[in-house]
Structure formats: C-alpha cells, structure tokens
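Sequential numbering of the sequence shown, starting at 17, is according to the working numbering.
This report refers to the structure that appears directly beneath it.
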Amino acid sequence: MMSRILYPVAAAVVLLLAGCGSESGESAHRAAAAEALGRDRLTDNSWSDVQSSAQETCDEDDGVFALATTMSAGDEQAIALRRVNVEHVCPERLEELDRLIAESSG
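Listed below in structure tokens is the structure:
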C-alpha cells in the first residue's frame, strides 16, 4: 500500500527537481530576463536581483499579485520581466498573470 503512494510522489519530486534550478532552466530564465530588460546579458548582480524579484513575485498572495500586476501594467518592461519571472519560477500562476494583464489593458 505504501509503495503505491511513495512511487508516484517520488516520481513527481524527481521531475520537479529535474527542472527547478537546473543549469538549462536557469540559463533560459536569465536569457529571457535579459531580453525583457533590453540587454544582451545580465551581470551576476543583476541576475541575483532578478532571481530575488522572481521569488518575491511568486510568493505574493493573490491580492498583492493582482495589485502589483495592475500597477505595473503601464510599464511594458516591468510587465515583460514579471511575465518572464512567473513563466520560469511559478508557471502555475501564468494564466492568472495573463488574465490580470488583459483586464488592466482593456
């Protein structure tokens, strides 16, 4: 009985860990963030700031997430970076973000 539960959970954890923090995932996020900011690349300090911002964005509760997104709606670069961060760090919130952006611009 226990193995029926543990095997699917272990498989899910392995899949999550394979993508999270992986070098290729980080490289893709870093490149997309640089593009959103209109740069060729990010320095290590800039990248650290982007990572911190991404985690803060993903940790926001629904109300703060909605307010911050709405407040950023007029700033194309801020919205582009916010979307990149959500896409790479908390993709489960991407639909919510896109809906909020659509509502803010419409």
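All residues carry an ideal CB built from backbone N, CA and C; glycine is no exception.
Just the Cα atoms here: how many angstroms apart are residue i and residue j?
i       : j       : result
Thr-73  : Asn-101 : 8 Å
Ala-89  : Gly-79  : 15 Å
Ser-69  : Ala-118 : 22 Å
Asp-75  : Trp-63  : 18 Å
Glu-103 : Asn-61  : 21 Å
Among residues of its own chain, excluding the 5 on either side of residue i, which ones have a beta-carbon nearer than 8 Å to its beta-carbon?
i       : result
Leu-58  : Arg-46, Ala-49, Ala-50, Val-66
Ser-121 : Ala-89
Quick check on residue i: buried or exposed, where buried means 16 or more other Cβ atoms within 10 Å of its Cβ?
i       : result
Leu-110 : exposed
Leu-83  : exposed
With C-beta atoms as the reference, is residue i less than 8 Å away from residue j?
i       : j      : result
Gly-54  : Gln-93 : yes
Leu-116 : Thr-86 : yes
Ala-52  : Leu-97 : yes
Can you list, in chain order, the residues of its chain with a C-beta nearer than 7 Å to that of residue i? Leave out the 5 residues immediately preceding and following it.
i      : result
Arg-99 : Leu-113
Ile-95 : Ser-88, Ala-89, Ile-117
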